[in-house]
Amino acid sequence: MTKKAKLPRYVTPLGTAQYPWLTKPDTKFNPDGDYSVALTFRDDDGQFSTLINNAVEESVAKAKEENKGKKIKESGSPITENDDGSITLKFKLKAKVTPKNGESFEQRPALFDAKGTPLSKDTKIGGGTKMKVAFELVPFYTALAGAGVSLRLKAAQVIDLVEYAGGGDGSAYGFGKEDGYEAKDTPAEEQNFETTVQEETTDF
Numbered sequence: 016m017t018k019k020a021k022l023p024r025y026v027t028p029l030g031t032a033q034y035p036w037l038t039k040p041d042t043k044f045n046p047d048g049d050y051s052v053a054l055t056f057r058d059d060d061g062q063f064s065t066l067i068n069n070a071v072e073e074s075v076a077k078a079k080e081e082n083k084g085k086k087i088k089e090s091g092s093p094i095t096e097n098d099d100g101s102i103t104l105k106f107k108l109k110a111k112v113t114p115k116n117g118e119s120f121e122q123r124p125a126l127f128d129a130k131g132t133p134l135s136k137d138t139k140i141g142g143g144t145k146m147k148v149a150f151e152l153v154p155f156y157t158a159l160a161g162a163g164v165s166l167r168l169k170a171a172q173v174i175d176l177v178e179y180a181g182g183g184d185g186s187a188y189g190f191g192k193e194d195g196y197e198a199k200d201t202p203a204e205e206q207n208f209e210t211t212v213q214e215e216t217t218d219f
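Numbering (the working numbering), first residue to last: 16 to 219.
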């Protein structure tokens, strides 16, 4: 049996995390669970945009070569370009993997602090946390989705932690302080949002 080549690993610049599921998996759309995070950062030199778009093109070319005679569609770029010039990348890692030939196994992203020390699995990493993400570009092709690449989450280094907490302030959602309307103190039970920020997610 031919052993698959190890995929190269990349590390993002420092960015701001959104909807982080890094210490426990999100089971809302997948009962086996997914770890995930969206990271927004500056890519002024276009390094990461070029890297990912080239990988998408290579995945499409490979799919065409392996499926001659079939019309291969491109799944699209996993890059979201923001109005302020930043980009957002969404990373995901399956919590449980069941290979076609072999036993299933569980996995989780490695988490480190600014000094490279492993973080406790109880660390409450919330939206707005400043971090870097280590990831792999994984090519894929299916008739339904087309050909493209996914961003496989491997590890995260937390530089500036924003902890999530039920009934916390807006920083748990990635909001900063601005001049404007100020509400009176509101009891947590009267606030109009979920009490556990990490239970909110989007369908990646």
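Even glycine gets a Cβ: it sits at the ideal position worked out from N, Cα and C. Since the model is a prediction, treat every value here as computed from it, not as a measurement.
> Does the separation of the CB atoms of residue 78 and residue 179 fall below 8 angstroms?
Replying inline: no
> From residue 81 to residue 101, what does the alpha carbon distance come to, in whole angstroms?
Replying inline: 35 angstroms
>> Out of 63, 161 and 52, which one is the CA nearest neighbour of residue 76?
In response: 161
> So which of 169, 61 and 119 has the shortest CA-CA distance to residue 127?
Replying inline: 169
> If you follow the beta strand (DSSP E) that residue 56 is part of, which residue opens it and which one closes it?
Replying inline: 49–57
> If you draw a straight line from the C-alpha of residue 95 to the C-alpha of residue 116, how long is it?
Replying inline: 35 angstroms
> First and last residue of the beta strand (DSSP E) that includes residue 77?
Replying inline: It is not in any beta strand (DSSP E) - residue 77 instead sits in the alpha helix (DSSP H) that spans 62–81.
> Would you call the region 82–89 and the region 24–41 in contact, with 3 or more CB pairs under 8 angstroms?
Replying inline: no
> How would you label residue 114, buried or exposed, when you count the other beta carbons within 10 angstroms and need 16 or more for buried?
Replying inline: exposed
> Which partner residues of residue 155 appear in the DSSP bridge assignment?
Replying inline: 163
>> My output table needs one value for residue 35: the three-state DSSP class, helix, strand or coil.
In response: strand
>> Relative to the C-alpha of residue 55, which candidate in 29, 71, 134 and 119 has its C-alpha closest?
In response: 29
> Hey, how far is the Cα of residue 136 from the Cα of residue 65?
Replying inline: 34 angstroms
> Do you know how far the Cα of residue 24 is from the Cα of residue 112?
Replying inline: 20 angstroms
>> Rounding to the nearest angstrom, what Cα-Cα distance links residue 163 and residue 99 in this structure?
In response: 26 angstroms
> For residue 41, which residues does DSSP report across the bridge?
Replying inline: 49
>> I need the straight-line Cα distance from residue 291 to residue 193, nearest angstrom please.
In response: With the chain running from 16 to 219 in the structure shown, residue 291 is simply not present.
> Given a threshold of 16 other Cβ atoms within 10 Å of its Cβ, counted over all protein chains shown, does residue 177 qualify as buried or as exposed?
Replying inline: buried
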